[in-house]
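Student:
In this note's numbering, the protein residues as written are 69 to 205.
Structure (structure tokens):
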């Protein structure tokens with residue numbers, strides 16, 4: 069079993085974090101400019117989150133398995149958690165198959181500088197929202 073005790077808890081933590089990022093103008097502006105629809109499929113526990121950047125504002129949709137996504141990312145919840153602490157190199161994780169990406173990899177890589185500020189936001193988000201027990205990296 070991974071760090072997160074349930075799908076509901078992981079969805080609450082990461083979905084809330086994604087919603088917060090959607091309200092950070094430098095990050096949100098670059099994500100919206102990408103026009104990407106990204107589906108994240110997490111395991112251990114199992115959670116699906118769609119991050120839809122195709123409209124005027126970013127939409128976060130838990131459990132959305134119907135929307136056609138241009139990019140699909142699969143990984144364990146623990147790898148995702150470490151990633152948001154800046155502890156997982158995307159290219160290395162893709163090479164090691166810790167993360168599996170389907171879709172235009174260059175577009176995904178182009179977003180890395182846009183989300184880099186999120187690495188500093190994530191630990192603060194955990195602490196400020198009562199998720200301090202997950203603030204372990």
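Using N, Cα and C, we set each Cβ at its ideal position, and we do this for glycine too.
Rounded to a whole number of angstroms, what is the C-alpha to C-alpha distance between residue 186 and residue 89?
Tutor: Position 118 of the chain shown, counting from 1, holds the residue named residue 186. Position 21 of the chain shown, counting from 1, holds the residue named residue 89. Using only the alpha carbons, I get a separation of about 7 Å.
Student: On the CB-based measure, 16 or more other CB atoms within 10 Å of its CB, does residue 95 come out buried or exposed?
Tutor: Position 27 of the chain shown, counted from the start, is the residue given in the question as residue 95. Per the 10 Å Cβ criterion, buried.
Student: Just tell me which of 156, 135, 111 has its CA closest to the CA of residue 118.
Tutor: The residue given as residue 118 occupies position 50 in the chain shown. Closest option to residue 118, Cα to Cα, is 135.
Student: Going along the chain, which residues of its own chain have a beta-carbon closer than 7 Å to the beta-carbon of residue 155, five neighbours each way excluded?
Tutor: For this step, residue 155 is matched to residue 87 along the chain shown. Result list for residue 155: 205, in chain order.
Student: By alpha-carbon positions, which one of 100, 73, 194, 102 ends up nearest to residue 111?
Tutor: As a position in the chain shown, residue 111 is number 43, starting the count at 1. Minimum Cα distance to residue 111 is reached at 73.
Student: Tell me whether the segment 187-197 and the segment 157-171 touch, counting them as touching only if at least three CB pairs, one residue from each stretch, are closer than 8 Å.
Tutor: Contact fails: fewer than three Cβ-Cβ distances are below 8 Å.
Student: In the DSSP assignment, find the alpha helix (DSSP H) that holds residue 175 and state where it starts and stops.
Tutor: What you label residue 175 is simply residue 107 of the chain shown in a count that begins at 1. Run containing residue 175: 173-183, per the alpha helix (DSSP H) assignment.
Student: Please report the straight-line C-alpha distance between residue 139 and residue 153, rounded to a whole angstrom.
Tutor: The count along the chain shown starts at 1 and reaches residue 139 at position 71. The count along the chain shown starts at 1 and reaches residue 153 at position 85. Going from the Cα of residue 139 to the Cα of residue 153 covers about 22 Å.
Student: Let me know the alpha helix (DSSP H) ranges lying completely inside the segment 136-177, each 4 residues or longer, listed in chain order.
Tutor: Listed in chain order, the complete alpha helix (DSSP H) runs (minimum 4 residues) inside the segment 136-177 are 145-152, 158-163.
Student: Tell me whether residue 180 is buried or exposed, calling it buried when 16 or more other Cβ atoms sit within 10 Å of its Cβ.
Tutor: For the purposes of this step, residue 180 is identified with residue 112 of the chain shown, where counting begins at 1. Exposed is the call here.
Student: Mapping the DSSP letters down to three states, classify residue 199 as helix, strand or coil.
Tutor: Locating residue 199 in the chain shown gives position 131, counting from the first residue. Note: residue 199 maps to coil in three-state DSSP.
Student: So what's residue 120 in DSSP terms, helix, strand or just coil?
Tutor: Looking up residue 120 in the chain shown gives position 52. Strand.
Student: Could you tell me the distance, in whole angstroms, from the CA atom of residue 172 to the CA atom of residue 108?
Tutor: For the purposes of this step, residue 172 is taken as residue 104 along the chain shown, with counting starting at 1. For the purposes of this step, residue 108 is taken as residue 40 along the chain shown, with counting starting at 1. Those two C-alpha atoms are separated by around 15 Å.
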